[in-house]
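Residue numbers (the working numbering): 4 to 171. No residue lacks a Cβ here, since even glycine has one placed at the ideal position from N, Cα and C. Data block below; observations after.
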């Protein structure tokens, strides 16, 4: 399942590319700049997916963000979209398990008590990941988002990138 080679723009070719963790390591750590920083992100991804696979019996994860490009800048995190095979199983979770699932997701605009504080964003794994959950029927919207190339001033028009898909 090796991931395709980089395009001349240092991106994966457009589309969703099946991969396992060894494929992700080979392309996004070994064959990319800033290997040490990417090693840390990859370690966070492996741990994160291990927890996800324990909590969600079957599904897919789409891996994207700056980590999945070969750009010169150091990627600050990895973007992960979770697509459970059985959405109903998530709806049937008790409140404790549901809280554990929320711990896997990036939360925005959070108010915390004791001490009371407002946080713009809370990310899993100490901020090394942005985790999102795809509701059934929203796959196309997420695919467009995951394919967009972002630069320092927003989305780069005319460029589209691919992303990796891990299935369990």
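List the whole-angstrom C-beta distance separating residue i from residue j, where the pair is believed to meet the contact cut-off of C-beta under 8 Å.
i: residue 72; j: residue 14; result: 5 Å
i: residue 127; j: residue 109; result: 7 Å
i: residue 16; j: residue 134; result: Not confirmed; about 25 Å, so no contact.
Measuring alpha carbon to alpha carbon, tell me which residue in the options is nearest residue i.
i: residue 112; options: 43, 105, 118 and 122; result: 122
i: residue 48; options: 140, 88 and 23; result: 23
i: residue 139; options: 150, 9, 86 and 35; result: 86
i: residue 95; options: 5, 59 and 20; result: 59
i: residue 50; options: 129, 35 and 39; result: 129
i: residue 105; options: 118, 114 and 136; result: 136
Please confirm whether residue i and residue j have their CB atoms less than 8 Å apart.
i: residue 169; j: residue 66; result: yes
i: residue 167; j: residue 37; result: no
i: residue 30; j: residue 6; result: yes
i: residue 79; j: residue 69; result: yes
i: residue 54; j: residue 42; result: no
Can you give me the start and stop residues for the alpha helix (DSSP H) that residue i sits inside?
i: residue 58; result: 38-58
i: residue 65; result: No alpha helix (DSSP H) holds residue 65; the beta strand (DSSP E) holding it covers 62-67.
i: residue 101; result: 98-105
Tell me residue i's beta-bridge partners as DSSP assigns them.
i: residue 1; result: Only positions 4 to 171 of the chain appear in this structure, which leaves residue 1 out of reach.
Following the continuous beta strand (DSSP E) through residue i, name the residue where it begins and the one where it ends.
i: residue 167; result: 165-170
i: residue 132; result: 132-136
i: residue 18; result: 18-21
i: residue 141; result: Looking at the DSSP string, residue 141 is not in any beta strand (DSSP E), and its letter there is neither H nor E.
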